[in-house]
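Asker: Residue numbers (the UniProt record's numbering): 1 to 137.
The C-beta atom is built at its ideal place from N, Cα and C for all residues, glycine as well.
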Amino acid sequence: MELNLNELQIDALKEIGNIGAGNAATALSQLINKKVDMSVPQLDILEFSDMIKRVGNEDDEVVAVLLKVFGDIQGNILFLVKNEEAQKFFDTLMFGFSNINEEMFYSMFQEIGNILGNSYLNAVSQITNLSLLLFHQ
Numbered sequence: 001m002e003l004n005l006n007e008l009q010i011d012a013l014k015e016i017g018n019i020g021a022g023n024a025a026t027a028l029s030q031l032i033n034k035k036v037d038m039s040v041p042q043l044d045i046l047e048f049s050d051m052i053k054r055v056g057n058e059d060d061e062v063v064a065v066l067l068k069v070f071g072d073i074q075g076n077i078l079f080l081v082k083n084e085e086a087q088k089f090f091d092t093l094m095f096g097f098s099n100i101n102e103e104m105f106y107s108m109f110q111e112i113g114n115i116l117g118n119s120y121l122n123a124v125s126q127i128t129n130l131s132l133l134l135f136h137q
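1) Using a threshold of 9 angstroms, state whether the C-beta atoms of leucine 116 and lysine 68 are closer than that.
2) Which residues in the same chain as isoleucine 52 place their Cβ atom closer than 8 angstroms to its Cβ, once the five residues preceding and following it in sequence are excluded?
3) For isoleucine 112, count the other beta carbons within 10 Å of its own beta carbon; 16 or more makes it buried, fewer makes it exposed. Which is it?
4) Using the Cβ count rule (16 or more neighbours within 10 Å means buried), how would you classify isoleucine 100?
5) Which of helix, strand or coil does DSSP assign to isoleucine 77?
6) Do lysine 82 and valine 63 have their beta-carbon atoms positioned less than 9 angstroms apart in this structure?
7) From the DSSP secondary-structure annotation, give me the bridge partner or partners of lysine 82.
8) Please state whether the Cβ-Cβ distance between alanine 25 and valine 36 is less than 9 angstroms.
9) From the DSSP output, in three-state form, read off lysine 53 for me.
10) Along the alpha helix (DSSP H) that carries isoleucine 32, what are the first and last residues, could you check?
11) For serine 125, which residues in the same chain have their Cβ closer than 6 angstroms to its Cβ, ignoring the five residues on either side in sequence?
Printed below as a string of structure tokens:
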């Protein structure tokens, strides 16, 4: 994908992403009532097919939540967590009570994706004055 951005535009996108990710990390911290550490988000413009290589191995099993962004701009937010990390996260939220069926497990991650996605988009919306809405699939 050919997208020519100057350094100022790239810095602006990084800063918006950093603030959005910070809001999402705060929401997650409040949800699990634990401190959440966050690394500085990285901005890369890639083909969709190259994204998987960036996230991990194509053989890795992950839990994924895809959120569609509508409004003044359209796009997607993809929330990925490796299965073993998802299980640890689930155990933390359920206080070790993990005798829950698979449907409940995935439903919980859908809701977490919604919370994080909305926190992220709210920050982006406030900074940019864009009207942005989420729809999950």
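Answerer: Straight from the coordinates:
1) With contacts defined by Cβ atoms closer than 9 angstroms, leucine 116 and lysine 68 do not form a contacting pair.
2) Residues of the same chain with a CB within less than 8 angstroms of the CB of isoleucine 52, apart from the 5 flanking positions on each side, are Glu58 in chain order.
3) Burial state of isoleucine 112 is buried, judged by a 10 Å Cβ sphere holding 16 or more other Cβ atoms.
4) The residue in question, isoleucine 100, is exposed, as its Cβ has fewer than 16 Cβ neighbours within 10 Å.
5) In the structure shown, the three-state DSSP call for isoleucine 77 is strand.
6) The beta carbons of valine 63 and lysine 82 sit closer together than 9 angstroms.
7) Residue pairing by DSSP puts lysine 82 in a beta bridge opposite Val62.
8) A contact, by the Cβ cut-off of 9 angstroms.
9) Helix.
10) Residues 7 to 32.
11) Within the same chain, serine 125 has close Cβ partners Leu132.
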